[in-house]
Amino acid sequence: MPDPLHILIAEDEVLAAMALEDFLTFKGFRVTVAANGVEALERYARGPVHALVTDLRMPRMDGQTLIREIRERDAALPVVVMTGYLTQDSDLTHERWKPLEIFSKPVNPRTICNTLHRMLGLPQEA
Amino acid sequence: MATGLDELLDSSGFIPHGACLLWRPDILMLHVASDILIGLSYFSIPVALTYFVMRRRDVAFGWVALLFALFIIACGTTHFMSVWTLWTPDYVLEGLVKVVTALASLATAAALWWLMPRLLALPSPRELEASNRALALEVATRREMETRYSSFFNNLAEALFIVRVEPDGDFAFEAINPALARATGLDPERLRGKRVGDALGPEVAEAIVPRYTQCRDRGESIDYEETLDLPVGQRVFHTMLVPVKDAAGRVIQILGSGRDVTERKRLQEEVVQTSKLATLGTLAAGMAHEMSQPLNVIRLWTENTLNRLQENLLEPARAEKALKLVIEQTDRMGKLIDHVRTFGRRDGGGMRAFHPANCVQSAVELVRHQYALEDIEIVESSDSAQLPVTGRPLELEQVILNLFSNARDAIVALRATGGKAGRIMVAVSDDPDRQSVVIQVTDDGGGIDPSVLPQIFDPFFTTKEVGKGSGLGLSIGYGIIDGMGGRIEARNVELEGGSRGVRFSITLPSQPVASSDREVSHA
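Chains as they are written, first to last, in full-length UniProt numbering: chain A, 1 to 126; chain F, 1 to 523.
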């Protein structure tokens, strides 16, 4: 069995991060949780990360800045955004941030999981 | 030798005075004619004098005129006696007449000198005429003034009234003007002279007599708003009372003016409501975020639990934890919804006493998390605040939220220009000396341009870009604080660490609530 893919979650709401971590771990991923953008960027720098799941509003570097920083390092890293705000007007819908998917909270963890599978080129679950 | 009156008057030893004139008819005629003319004239003068005194009853010192009359009659008599003694030598009788004349002359002369200062003090007719003219002028001026003031009183749109303070301290209406009569539906004629309690009925009197009493006892002007149930319906008046004092400093009258602000109050309340809805609008984005967080947690935990249940991997402890978490999160959402609900409600209720620290606390709770996401910290210190204030708690909370929102905007704007900011300090403290509570909201957002500082409470004044601020927040806040009898001020402050910012200070009077105040509605 190959090494599990590594998902980095950036989310300041601990309970949400815990549940998502639990769900994705259950689905076979290796998951690391960071409470803000700065922490996430530090974690990203330390080892291979295969996908990023991030909130937008976070203390100490928000999601938008985090994504910009990440894109400077890796133009192809799959990014999943979870946000409590309206997303239509967001700059993140622009092509240049792709591969990137945006979901409004409350999010369905199955959808997140399926989206990660698709973006990472893994077989879809039933 | 005994001498009787007859003997005394016996003139047989004398020769008539005519003999001295050698009985020359021409000399005799000269004396007789002159003396008789003098005597007649002298006799007529007192008649004229007496007649004058009798007719002019107001003549000062009339008794002097009578004394003068007696003196001049006596003088006249001596002249007739001179004629008589030309032929009949009754010199003793003549001498007695002269004694009487001498006494009368002496008395008249003495009286005249004695009275001289007072006689000189009597106004002359010319002086009287001048003073009459002055009086006539004064009367004319006063009449003109009276016309002018009564025209003020009768035609001014302001409701005016005069209340007399009775010797027992009670109050009676002296007059009310037509404007007051129109505004209240009261009859000026029926009110005049009546005690307030009898004139207005116990309920209205109960509301206004304490105000009159306050004005009477303090001896100072007071102004206030009152809601009165009048013949024309319930009206809100802004009333001012001015005490009128006598020489001893006792308040004997109260002058009152009142303006019907019912309509203005209604409009004000509508503006407050509109602004509240606008504040609600700006909070909506924040609320959406706040609501999405617990919903997200619930969704993730339930999906997780369902997933494990389907895979037969659910342990009871994990299920219990998940369900408890879900319940906690629904509580969190319930509180948020409650807050939005009370905030959006039209707050038509009466004023009441409350602790402002609680308002500050709930305002902080509403935005703390949202601001933390933007790395803005709200630092509280409200340990010493105990005094209650009077007003509507939700309105005060709205004012404080507005101050937070301005502070946040200032911080974000300063950061956009590369500045370092991110603290909002809020403090509530009692000022026991002045019986007031002071709420301070201080940011480190760089401060306000001193040149616009005086305008910030003006309606529609805003430094924000079009669409970012209505320019109504602070002016509405000003109105709310003013309605609570307090004041709100802003100034730039230097903070420790070299940063600068704005400090808003709200000072609210702490006073027990009077029953009449409860119904007074302020915007």
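Each residue gets a CB set at the ideal place from its N, CA and C atoms; glycine is no exception.
If you reduce the DSSP assignment to three classes, tell me which class residue i lands in.
i	result
Tyr224 (chain F)	strand
Ser82 (chain F)	helix
Pro243 (chain F)	strand
Pro509 (chain F)	strand
His238 (chain F)	strand
Phe29 (chain A)	coil
Asn406 (chain F)	helix
His6 (chain A)	strand
Asp433 (chain F)	coil
Asn492 (chain F)	strand
Arg503 (chain F)	strand
residue 535 (chain F)	Since the first and last residues shown for chain F are 1 and 523, residue 535 (chain F) lies out of range.
Asp229 (chain F)	strand
Phe153 (chain F)	helix
Ser90 (chain A)	coil
Ile448 (chain F)	coil
Glu11 (chain A)	coil
Arg266 (chain F)	helix
Ala34 (chain A)	strand
Glu174 (chain F)	strand
Ile15 (chain F)	coil
Leu160 (chain F)	strand
Met425 (chain F)	strand
Leu313 (chain F)	coil
I'd like the list of long-range same chain contacts for residue i, defined as Cβ closer than 7 angstroms, with 5 residues on each side in sequence excluded.
i	result
Gly467 (chain F)	Because Gly467 (chain F) sits at a pLDDT of 40, beneath the cut-off of 50, its placement in the model cannot be relied upon, and the following sentence gives the value as read from the coordinates. The answer is none, since no qualifying residue turns up.
residue 127 (chain A)	A question about residue 127 (chain A) goes unanswered here, because the residues of chain A that appear run from 1 up to 126.
Glu203 (chain F)	Asp229
Gly28 (chain A)	Pro4
Arg71 (chain A)	Trp97
Within the continuous alpha helix (DSSP H) that includes residue i, where are the two ends?
i	result
Pro454 (chain F)	Counting along the chain, Pro454 (chain F) falls outside any alpha helix (DSSP H), and DSSP gives it neither H nor E.
Lys98 (chain F)	91 to 121
Leu30 (chain F)	25 to 55
Ala179 (chain F)	178 to 184
His117 (chain A)	109 to 120
Glu166 (chain F)	First-last for Glu166 (chain F): undefined, no H or E at that position.
Gln64 (chain A)	63 to 73
Thr54 (chain A)	Run containing Thr54 (chain A): none in the alpha helix (DSSP H); it sits in the beta strand (DSSP E), 51 to 55.
Gly258 (chain F)	First-last for Gly258 (chain F): 251 to 260, but that is the beta strand (DSSP E), not the alpha helix (DSSP H).
Gly197 (chain F)	196 to 200
Gly486 (chain F)	Counting along the chain, Gly486 (chain F) falls outside any alpha helix (DSSP H), and DSSP gives it neither H nor E.
Leu100 (chain A)	Per DSSP, Leu100 (chain A) belongs to no alpha helix (DSSP H); it is in the beta strand (DSSP E), 100 to 104.
Thr83 (chain A)	From DSSP, Thr83 (chain A) is part of no alpha helix (DSSP H) but of the beta strand (DSSP E) over 79 to 83.
Ser362 (chain F)	356 to 373
Val59 (chain F)	Run containing Val59 (chain F): none; DSSP gives neither H nor E here.
Pro48 (chain A)	Counting along the chain, Pro48 (chain A) falls outside any alpha helix (DSSP H), and DSSP gives it neither H nor E.
Glu189 (chain F)	188 to 191
Could you give the C-beta distance for residue i and residue j, rounded to a whole number, given that I count them as a contact under 8 angstroms?
i	j	result
Val165 (chain F)	Phe173 (chain F)	Contact doesn't hold; Cβ gap of about 12 angstroms is too wide.
Ala183 (chain F)	Ala207 (chain F)	So it is not a contact: roughly 16 angstroms between Cβ atoms.
Ala288 (chain F)	Tyr85 (chain A)	7 angstroms
Leu508 (chain F)	Val389 (chain F)	4 angstroms
Val81 (chain A)	Leu92 (chain A)	6 angstroms
Gly18 (chain F)	Trp87 (chain F)	6 angstroms
Glu69 (chain A)	Leu41 (chain A)	6 angstroms
Leu200 (chain F)	Ile222 (chain F)	That pair is no contact at about 19 angstroms.
Any heavy atom of the ligand GDP closer than 6 angstroms to the beta-carbon of residue i?
i	result
Pro123 (chain A)	The ligand GDP is not part of the structure shown, which contains no ligands of any sort.
Go through its chain and collect everything with a Cβ distance to residue i's Cβ below 6 angstroms, but skip five positions before and after it.
i	result
Thr83 (chain A)	Leu56
residue 524 (chain F)	The structure shown does not extend to residue 524 (chain F), since chain F spans only 1 to 523, so no value can be given for it.
Met484 (chain F)	Gly391, Leu508
At which residues does the beta strand (DSSP E) containing residue i begin and terminate?
i	result
Gly497 (chain F)	Here Gly497 (chain F) belongs to no beta strand (DSSP E), and DSSP marks it neither H nor E.
Val441 (chain F)	436 to 443
Gly391 (chain F)	389 to 391
Val379 (chain F)	377 to 381
Note down, in chain order, each residue of its chain lying with its Cβ closer than 8 angstroms to the Cβ of residue i, except the 5 sequence neighbours on either side.
i	result
Leu403 (chain F)	Val441, Gly477, Phe504
Arg368 (chain F)	Ile378
**OP:** Count the CB pairs spanning the region 38 to 56 of chain F and the region 5 to 19 of chain F that are closer than 8 angstroms, and state whether there are at least three.
**Re:** no
Original post:
So, do the region 495 to 510 of chain F and the region 443 to 452 of chain F have three or more beta carbon pairs nearer to each other than 8 angstroms?
Top reply: yes
**OP:** Indicate whether the contact test is met: 3 or more Cβ pairs, each with one atom in the region 29 to 39 of chain F and one in the region 72 to 89 of chain F, closer than 8 angstroms.
**Re:** yes
**OP:** Evaluate contact between the region 248 to 256 of chain F and the region 209 to 223 of chain F, counting only Cβ atoms and requiring at least three cross-stretch pairs below 8 angstroms.
**Re:** Short answer: they touch.
Original post:
Contact between the region 36 to 43 of chain A and the region 57 to 69 of chain A: three or more CB pairs below 8 angstroms?
Top reply: yes
Original post:
Can we say the region 103 to 111 of chain A touches the region 293 to 312 of chain F, given the rule of at least three CB pairs closer than 8 angstroms?
Top reply: yes
Original post:
Would the region 60 to 73 of chain F and the region 103 to 110 of chain F be scored as touching if the rule is three or more Cβ pairs under 8 angstroms?
Top reply: yes
Subject >> Touch test, the region 388 to 395 of chain F against the region 419 to 429 of chain F, Cβ-Cβ under 8 angstroms, three pairs minimum >> reply: no
Original post:
Are the region 139 to 146 of chain F and the region 117 to 128 of chain F in contact at 8 angstroms, needing three or more beta carbon pairs?
Top reply: no
Subject >> chain C contacts made by the region 355 to 388 of chain F, where a contact means CB separation under 7 angstroms >> reply: The chain labelled as chain C is not found among the protein chains of the depicted structure, namely A and F.
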